[in-house]
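Those protein sequences? They're chains A and B, same order as listed. Here the first sequence stands for residues 1 to 226, numbered as in the UniProt record's numbering. Here the second sequence stands for residues 1 to 226, numbered as in the UniProt record's numbering. We put the CB at the ideal spot given by N, CA and C, even for glycine. In this text the structure is predicted, and so the values were computed from the model without any measurement.
Number of protein chains: 2
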Amino acid sequence: MSKPDARTRLTEAAFALFDEHGYEQTTVDEIAERAGVGRTTFFRHYGSKEAVIFPDHDRLLDQIRDRLATSSHSTALVAVSDAVRLVLMHYIEEGSLARQRYALTSKVPLLRDREIASVARYQRLFREFIAEWMGDPTQAASLRAELMAAAVVAAHNHVLRRWLRDETGDPVAEIEAAMSEVLTMFPAAQPRSGPGDGTTVIAFRSGQDLDALLPALRRAMAEGAQ
Amino acid sequence: MSKPDARTRLTEAAFALFDEHGYEQTTVDEIAERAGVGRTTFFRHYGSKEAVIFPDHDRLLDQIRDRLATSSHSTALVAVSDAVRLVLMHYIEEGSLARQRYALTSKVPLLRDREIASVARYQRLFREFIAEWMGDPTQAASLRAELMAAAVVAAHNHVLRRWLRDETGDPVAEIEAAMSEVLTMFPAAQPRSGPGDGTTVIAFRSGQDLDALLPALRRAMAEGAQ
DNA sequence: GCACGCCGTGGTACTGAGTACCGTTAATTA
DNA sequence: TAATTAACGGTACTCAGTACCACGGCGTGC
């Protein structure tokens with residue numbers, strides 16, 4: 001049973017101390033001491049005290065950037081909503097670590113701001129990607145890109161927060177639903193599927209149960225596509 | 001010609017030094033020295049070095065909170081879009097100071113993060129206001145509030161950024177247009193009331209995936225119940 | 001006039017994050 | 001085994017931010 005490496009020991013020492021005495025009450029010296037390493041070693045592994053909590057957010061951002069660059073989707077919004085799923089999955093795979101981080105960021109304003117800033121970097125990336133994809137430098141298109149990026153990120157945040165608070169058992173299903181809602185908010189960004197794209201008009205009483213109407217709806221749409 | 005007060009001298013000294021040597025290269029001691037006051041006095045007027053650049057954002061946030069609390073609009077989204085106009089106007093009235101700040105925040109990541117964090121506070125305020133106004137604690141309503149707040153803030157950011165870059169001569173007209181676009185994205189955000197039996201008419205392209213449309217359908221039916 | 005309290009100010013000393021540099025040791029490779 | 005490299009530890013420094021104290025102006029009441 002060999003000792004874990006310095007980085008691992010630092011991480012564990014840091015989270016333990018943050019949990020015991022709080023983030024601001026814990027000094028880097030204390031973290032290094034508990035990890036059994038020198039102060040210099042701490043800053044060699046983590047550029048700052050905050051970086052212990054957000055270790056690989058830069059890496060993930062690069063990953064998302066690559067994903068977007070190599071994505072071949074019919075529309076930019078679909079590509080972005082696909083990429084944002086990756087971000088959510090990353091958090092979920094972290095499991096309890098992500099929840100520990102959430103507990104900290106909920107309490108310490110400094111860390112909350114930091115988290116928000118990193119999320120904003122994703123949003124910026126999405127916005128630029130969409131704007132470039134649209135290839136339309138007008139003001140209206142630029143606004144549209146901004147709204148799309150904001151909506152996608154908001155949907156992500158919504159589901160992530162619910163998962164972090166343990167309010168959902170199936171975050172994957174929820175992100176799917178949230179993303180499809182976002183997609184319907186921007187109908188022009190929908191891929192036009194094939195020749196049959198006639199418009200179907202349906203009228204029904206709102207008191208009725210939607211699920212009971214589904215079969216009829218599907219039939220109506222199939223007919224409208226002819 | 002009496003000397004301006006210490007606070008004014010500090011502000012001018014700070015911006016001058018930031019402009020000459022950059023933000024990070026300027027120390028608080030240098031600012032205080034150029035202003036002809038002691039270091040202690042600096043921290044008495046501004047709690048931190050960053051606070052010189054963002055002096056009254058807390059005050060503005062309180063102002064917006066009050067505005068929302070006393071607003072009597074037909075829908076939450078209208079009230080919020082009204083409040084966000086106030087924020088934009090505040091920046092515009094600052095004039096060249098806002099542009100100076102923009103030049104700084106564009107260059108210094110630390111300041112950019114700080115700016116983003118403060119904008120996020122508005123967004124959070126809006127989200128909570130909308131959610132409370134809707135009085136519907138379900139997941140779908142919560143997501144809706146999140147999307148609305150994000151859209152309003154995105155629209156604001158879009159117009160503000162254009163104004164800061166001097167890309168628009170009429171920011172007021174643009175914010176009106178952007179807000180009305182946001183409003184059309186969320187048709188009839190009404191508070192929940194008893195079930196009605198009005199007839200809802202929906203038109204959509206049959207090429208779209210029905211399952212992707214379901215959230216929008218459910219929403220339309222719920223709103224049709226008004 | 002004087003004593004009192006208040007407020008803005010300046011100075012000193014401290015904590016803690018982050019940086020720069022240097023000497024040492026352990027692992028790798030020739 | 002000798003040389004090179006990489007990780008480590010220690011010291012000293014800068015700078016933001018905090019705590020505390022001491023001084024001077026300034027009005028008020030006596």
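- Counting C-beta pairs closer than 8 Å gives three or more between the stretch 7-17 of chain B and the stretch 45-55 of chain B, which meets the contact rule.
- D82 (chain A) places its beta carbon 9 Å or farther from that of R65 (chain A).
- Between S142 (chain A) and chain B, the shortest Cβ-Cβ separation is below 9 Å.
- L143 (chain A) sits close to A155 (chain B), with the two beta carbons spaced by under 9 Å.
- Contact between L60 (chain A) and V80 (chain A) does not hold, since the beta-carbon distance rounds to 15 Å and is not under 8 Å.
- The Cβ of R85 (chain B) sits no closer than 9 Å to any Cβ of chain A.
- Taking 9 Å as the cut-off, the beta carbon of L183 (chain A) is found no closer than this to the beta carbon of L17 (chain A).
- Straight across, the Cα-Cα distance linking E24 (chain B) with R99 (chain B) is about 19 Å.
- In the three-state DSSP reduction, S106 (chain A) falls in the helix class (H, G or I).
- Not flagged as an interface residue toward chain B: T105 (chain A), since no C-beta distance is shorter than 9 Å.
- K107 (chain B) has its alpha-carbon roughly 12 Å from the corresponding atom of H21 (chain B).
- By the Cβ neighbour-count rule, M185 (chain A) is buried, with 16 or more other Cβ atoms within 10 Å of its own.
- Interface annotation for the stretch 98-124 of chain A against chain B: R112, D113, R114, I116, A117, A120, criterion Cβ-Cβ distance under 8 Å.
- Two segments are said to touch when three or more pairs of C-beta atoms, one from each, lie closer than 8 Å; by this definition the stretch 49-57 of chain B touches the stretch 114-123 of chain B.
- Nearest C-alpha to Y91 (chain B) among B:T70, B:V28, B:V119: B:V119.
- Counting along the chain, R34 (chain B) sits inside the alpha helix (DSSP H) bounded by residues 28-35.
- Secondary structure at Y46 (chain B): coil, using DSSP grouped into helix, strand and coil.
- By the rule that beta-carbons nearer than 9 Å mark a contact, E174 (chain B) touches chain A.
- Membership of F18 (chain A) in the alpha helix (DSSP H) is indicated by the continuous run 6-21.
- A straight line joining the alpha-carbon of V153 (chain A) with that of F15 (chain A) spans about 28 Å.
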